[in-house]
Structure formats: structure tokens, C-alpha cells
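Here's the structure we're looking at; comments come further down.
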Amino acid sequence: MAEPTVWSEPGPECVLCPPLRFRFNAMAGLPGETGVIARDAAFLLMPDVAPLAEGHVLLVTREHHQCAGAFGRAMWERAMSWRDRVARLYREAYGDGALLLFEHGPASAQGGGACIDHAHWHLLPGTHGVRAVVEQQGLPGAPAGHTALRAYFRTGRSYLLIEEDGVATVHPGDGVRSQFLRWAVTAGAGDETWRWQETFGLPGSRRRFLRTLRALRAAVGPEAEAVPRGGHVPESHQ
Ligand SMILES: [Zn+2]
Ligand SMILES: [Zn+2]
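Anchor point for the sequence shown: position 202 equals 369 in our numbering, and the numbering is continuous, going up by one each time.
This is how it looks when you write it as C-alpha cells:
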């Protein structure tokens, strides 16, 4: 999403904590609190304020975590079950559960990374060829999971997490420019606008946000009913 240009310290100035949590939405005339698609005690699911495609959402931690590599086991498992839930929402809303998931984290002294204190995953419906674009840029992938991301985090390195075609890979992220993965999504489509600041608040971007919100909100009820009794998830990840 919205990666503010300065590192936001925990506290009242943070644009993803109350009271400023939905300040960007307000600036663009978009719903804030009511623009949340679904939530639990740890995460919020909401449309990106400058969506790259219809269905582009963010899974954001409610509290401060630098990146998913900083999650403990329980948070990681909860994030993975959200990922599965988004796939079900996409299937319900768009007829196909295929998704792209990406994260650029954490911010490092060498630059790059998401400069906010709330770990967030970007999710988009469909397949966008992002891994191939990233590898063409000389950033080879390795199999990704909680352990691999933790290793990056613990050694102070930034990473790029990409899940596409049901396969998750992690790529070195140090020195990679801000919004690189947003660029990689558009590169596959021959589109030339990827910086969120370029589309944020414009009519096309607002329409996408509102269409995403409407479609996924409508999917929330039916998708929950599709989960068999006992809460067992049909296509549990890993
Ligand atoms: Zn982001
Ligand atoms: Zn915050």
C-alpha cells in the first residue's frame, strides 16, 4: 500500500494505528473503518488505497510487527489461514482462487523494504508472472516459509516474498527500490503506473477500491459457509 516515505515510530503518528489509521483513505475520499473487508484480533483485510487490479487487498497487522519474518509461530499460522481465506473470497467473488501474494520486508539500513511498522501482505487475484520478472532482475528465489523469512529477519536482511502458482519463494531484498514488487506486477502487463502516489485518489483508482470492497464484502458470508463444520480448511496451505 501506502508506504509513507519516513519510518513511522510506534505511537500516535503512525498512519496504520488509531487515530490516523485511515488517514490515507480519508485523503482520497474512501471509506476507512467501513472499508475493512474482514478482521480478527491480529489482522485487518482491506483494499489497497491504490489498487493495481480489482481485488488487490492488504492483510495488515493491527499491532507493530516489522515483517512476517518477525512473526512468532501463532501469528504465522494465523497469517497463513488468512491467505487461505482470501483464496476462498477470490473464488467466491471472481470464480477462481488463484492468487499472487507479495511482501517486501523488512526495511533495512541499505534501503528498500516497506517503511512502515505494520507487516503487510499484498494479495491480488490471478497470476501475474511476478516471479519471472523478479528473477530476470537478477534476484533468484529459494523456497519460502516461516523459517526462511525468520532467517532473513534475524540477520538484518530485507527480503521479497512471492507466492504465485501455489509456490512461495523468497528473494534477496536489500538495496531493492521501494515499490519494486508493485512495479513487477505491472511489468508483466506492460502497464507503466505502479507507484501508489501516481494513482492514489484518482477516479479510476477509487472505482477499483470500491469495486474490490463491494465484491469481497459480498463474498465474506458465502465463503465462511463454504468452510466445513469444525472449521477445517479445505485447501490448507503447507
Ligand atoms: Zn506495501
Ligand atoms: Zn502503527
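All C-beta atoms, glycine included, are put in the ideal place defined by N, C-alpha and C. Computed from a predicted model, the values in this text were never measured in an experiment.
Query: Rounded to whole angstroms, what is the Cα-Cα separation between P218 and V387?; Result: 19 Å
Query: If we ignore side chains and look at the alpha-carbon of each, how far apart do E200 and L226 end up?; Result: 14 Å
Query: So G355 is in the alpha helix (DSSP H); what residue range does that whole segment cover?; Result: F347 to A356
Query: Do the region 190-198 and the region 333-343 make contact, defined as three or more Cβ pairs closer than 8 Å?; Result: no
Query: Have a look at P273 and F320 and give me their C-alpha separation to the nearest angstrom.; Result: 7 Å
Query: Please confirm whether H414 and H313 have their CB atoms less than 8 Å apart.; Result: The question about residue 414 has no answer here: the residues shown for the chain are numbered 168 through 405.
Query: Is the beta carbon of P292 less than 8 Å from the beta carbon of Y257?; Result: yes
Query: Near T360, what residues of its chain come up, given a Cβ to Cβ distance below 8 Å and the 5 sequence neighbours on each side ignored?; Result: T353 and T366
Query: Can you tell me where the alpha helix (DSSP H) with L256 in it begins and where it stops?; Result: R240 to Y261
Query: Pick out whichever of F210, R324, L348 and H289 has its Cα sitting closest to the Cα of R298.; Result: L348
Query: Just to confirm before moving on: does the CB-CB distance between A246 and A237 stay below 8 Å?; Result: no
Query: Within a Cβ cutoff of 8 Å, which residues of the same chain sit near A193, ignoring the five residues on either side of it in sequence?; Result: G199
Query: Is it right to say Q277 is buried, meaning 16 or more other beta carbons lie within 10 angstroms of its own, or is it exposed?; Result: Note that Q277 scores a pLDDT of 47, beneath 50, so its modelled location is shaky and nothing firm can be said.
Query: With DSSP run on the structure shown, which of helix, strand or coil describes E390?; Result: helix
Query: How would you label G222, buried or exposed, when you count the other beta carbons within 10 angstroms and need 16 or more for buried?; Result: buried
Query: With V260 and A382 assumed to form a contact (beta carbons below 8 Å), what rounded beta-carbon distance in angstroms separates them?; Result: Going by the sequence as given, residue 260 is Ala instead of Val. About 4 Å separates the two Cβ atoms, so the contact holds.
Query: Please work out which residues of its chain come closer than 8 Å, Cβ to Cβ, to L327, disregarding the five sequence neighbours upstream and downstream, and give them in chain order.; Result: F269, E270, H271, V301, L306, V337, H338, P339, G340, V343, F347 and L348
Query: Is the beta carbon of V203 closer than 8 Å to that of V224?; Result: no
Query: Report all residues from its chain with a CB closer than 7 Å to the CB of R229; omit the five preceding and five following residues, and keep chain order.; Result: A209, F210 and L211
Query: Per DSSP, what kind of secondary structure is G371 in: helix, strand or coil?; Result: helix
Query: What number of angstroms, rounded off, separates the C-alpha of E331 from the C-alpha of G371?; Result: 26 Å
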